[in-house]
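For reference, the structure is listed below as structure tokens.
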Amino acid sequence: MTILGIETSCDETAAAILRINENDKKIELLSNVIATSLALHAKTGGIIPEVAAREQLKFIIPVIEESFKVLKNPKEEIDAIAVTVGPGLIGSLLVGVETARTFSYIWKKPIIPVNHLFGHIYANFINENSIQFPAIALIVSGGHTDLVLMKNHHEIKWLGGTRDDAAGEAFDKTGRLLNLPYPAGPLIEKLASTATKDIYHFPRPIIGSDDFDFSFSGLKTAVLREVKKIKMPNDNDIKNISFSLQQAIFAVLIKKTFKAVRKYNAKSILLGGGVAANQTLREKFEQEIKNQNIGATLFVPAKNLCTDNAAMIAAAAFFNPDRADWRKISANPELYFD
Ligand code: KG4
Ligand code: ZN
51 MTILGIETSC
61 DETAAAILRI
71 NENDKKIELL
81 SNVIATSLAL
91 HAKTGGIIPE
101 VAAREQLKFI
111 IPVIEESFKV
121 LKNPKEEIDA
131 IAVTVGPGLI
141 GSLLVGVETA
151 RTFSYIWKKP
161 IIPVNHLFGH
171 IYANFINENS
181 IQFPAIALIV
191 SGGHTDLVLM
201 KNHHEIKWLG
211 GTRDDAAGEA
221 FDKTGRLLNL
231 PYPAGPLIEK
241 LASTATKDIY
251 HFPRPIIGSD
261 DFDFSFSGLK
271 TAVLREVKKI
281 KMPNDNDIKN
291 ISFSLQQAIF
301 AVLIKKTFKA
311 VRKYNAKSIL
321 LGGGVAANQT
331 LREKFEQEIK
341 NQNIGATLFV
351 PAKNLCTDNA
361 AMIAAAAFFN
371 PDRADWRKIS
381 ANPELYFD
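Mapping of the sequence shown onto my numbering: position 294 corresponds to residue 344, and the numbering continues sequentially without gaps.
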């Protein structure tokens, strides 16, 4: 089976072609095209929804056209169209959903509606068929921080999530306080790699709470307090703040994830979302598996599959039995876990 994936939930316009090998159930990535309006948003220090939607309109057809280049006859070869229906910005989502509906109507092919958050989890299943259940998935992106139990492809249970800011948001808001370009995650990772001491020891919010929730909004206040004390942070201060911020965020992510891994005897740990692109986070997870002597395997998507892309949307669609007529599909910006 061959699937066209379309993702337009925020500021990335993406299309991908994936094929599943029916014998070994391995998902092969044939093309993965992403256009981003990030440079525009960097100028304003954040995403302006109206601007993001207009950029989606500009990119959507050229991006899909580019993704088709790996096929001889897209109309014949593509069996279904997978599209992100939520959560996300309504204007951006509508561009992808209406495009998918148009292809579906003209080609007479079914649509598979995909929850963007499931997409981040399923990025792990691309070129990977050794993931065992039960699995604990941690989604860490700019908009979400969620812990999820996967008993199998059809029994997926939300365990907890952030009560306020997402992990990526904590990176981005700290970046703004330090005058770093948006989104700040990649640069904070780079700056943090040049420091070695957790000088500021920022709070680890609700690290010991009796649930699987997170709270990161207090971190920006803690950082702001230090920045005000320093007045004009120099390069060295910025490196040390970056290091301490990462330490605080990752300590909480690790504590809660491994609590879930132990409770549910997980055989696999799946990371997903933009923050999972962080090398230090991956290394800390590997180290924790060793420290706790846990028999689980860590899976992390390739870096370009951690941030928003359409390959992960098509990957999720292979395991989603929902096939819909174009008339039944609509965007839902508030979509979450059931
Ligand atoms: O998954 P994603 O592309 O978009 C959302 O669905 O939100 O995630 C973007 C987020 C941003 O907050 C960005 O700062 C963060 O992921 N991010 C990182 C890294 N790369 C991206 N955070 C920490 N370290 C990174 N290397
Ligand atoms: Zn995302």
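Built from N, CA and C at the ideal position, the CB exists for glycine as well.
All values reported here derive from a predicted model rather than from experimental measurement.
Going by DSSP, which residues form a beta bridge with residue i?
i: Thr52; result: Arg69
i: Ile186; result: Leu199, Ile319
i: Lys207; result: Leu199
i: Leu348; result: Ile319
i: Phe264; result: Thr212
i: Pro163; result: Val133
i: Ile77; result: Ile70, Ile176
i: Val83; result: Ala65
i: Ala327; result: Its beta-bridge partners do not exist; DSSP assigns none.
i: Ala103; result: Per DSSP, none; premise fails for Ala103.
i: Glu57; result: Ala64
i: Ala374; result: Ile161
For residue i, I'd like the list of residues in its chain whose CB is within less than 6 Å of its CB, leaving aside the five on either flank, ordered along the chain.
i: Pro255; result: Ser265, Gly268
i: Gln297; result: Asp248
i: Pro124; result: Phe118
i: Leu331; result: Phe300
i: Glu62; result: Ile84, Thr86, Asp358
i: Pro160; result: Ala130, Arg373
i: Asn328; result: Glu239
i: Leu107; result: Val145
i: Ile280; result: Asp287
i: Thr58; result: Gln106, Ser142, Val145, Gly146
i: Lys164; result: Correcting the residue type first, residue 164 is Val in the shown sequence and not Lys. The answer, listed in chain order, is Ala132, Thr134, Ile363, Ala366, Ala367.
i: Glu78; result: Arg69
Are the Cβ atoms of residue i and residue j separated by less than 9 Å?
i: Ile319; j: Phe300; result: no
i: Arg69; j: Ile56; result: no
i: Val147; j: Ala367; result: no
i: Ala323; j: Phe262; result: Sequence inspection shows Gly at residue 323; the Ala mentioned does not correspond to that position. Not in contact: Gly323 and Phe262 (Cβ atoms no closer than 9 Å).
i: Lys76; j: Asn177; result: yes
i: Ala360; j: Phe293; result: no
i: Asn95; j: Arg275; result: A quick correction: the sequence has Gly, not Asn, at residue 95. It is not a contact, given that the beta carbons lie outside the stated cut-off.
i: Pro432; j: Asn202; result: It is not possible to answer for residue 432, since the shown part of the chain is limited to 51 through 388.
i: Thr134; j: Ile363; result: yes
i: Leu209; j: Ala310; result: yes
i: Pro283; j: Leu228; result: yes
i: Leu121; j: Ile67; result: yes
i: Lys114; j: Asn370; result: The displayed chain sequence assigns Ile, not Lys, to residue 114. Contact flag unset, no.
i: Ala326; j: Gly169; result: no
i: Ser81; j: Glu116; result: yes
i: Arg213; j: Trp376; result: no
i: Asn71; j: Pro184; result: no
i: Thr224; j: Leu303; result: no
i: Ile110; j: Cys60; result: no
i: Leu385; j: Cys356; result: no
Apart from the five residues just before and just after residue i, which ones in its own chain have a Cβ nearer than 7 Å to its Cβ?
i: Pro383; result: Gly136, Pro137, Gly138, Leu139, Ile140, Leu143
i: Arg104; result: none
i: Lys305; result: Ile257
i: Ile339; result: Ala346, Leu348
What do you get for residue i, buried or exposed, if any count of 16 or more other CB atoms within 10 angstroms of its CB means buried?
i: Ser180; result: exposed
i: Pro233; result: buried
i: Ala65; result: buried
i: Asp222; result: buried
i: Arg312; result: exposed
i: Tyr172; result: buried
i: Pro112; result: exposed
i: His91; result: buried
i: His204; result: exposed
i: Ala102; result: buried
i: Thr246; result: exposed
i: Ser244; result: Strictly speaking, residue 244 in this sequence is Thr, with Ser absent from that position. Result: exposed.
i: Met51; result: exposed
Among the residues of its own chain, which have a CB less than 8 Å from the CB of residue i, if the five just before and after it don't count?
i: Thr307; result: Ile186, Leu188, Leu197, Ile319, Phe335
i: Pro253; result: Gly268, Leu269, Ala272, Ala298
i: Gln342; result: Phe308, Arg312
i: Gln182; result: Lys317, Ser318, Thr347
i: Glu100; result: Gly141
Report yes or no: is there a C-beta of chain C within less than 9 Å of the C-beta of residue i?
i: Ala65; result: The question asks about chain C, but that chain is absent: this structure has only one protein chain.
Can you tell me whether residue i sits near ligand 4, meaning its C-beta is under 8 Å from at least one heavy atom of the ligand?
i: Gly323; result: As far as ligands go, the structure on display features ligand 1 and ligand 2 and does not contain ligand 4.
(request) Count the C-beta pairs between the segment 151–159 and the segment 284–292 that are closer than 8 Å, then say yes if the count reaches three, no if not. (result) no
(request) Count the C-beta pairs between the segment 211–220 and the segment 182–201 that are closer than 8 Å, then say yes if the count reaches three, no if not. (result) yes
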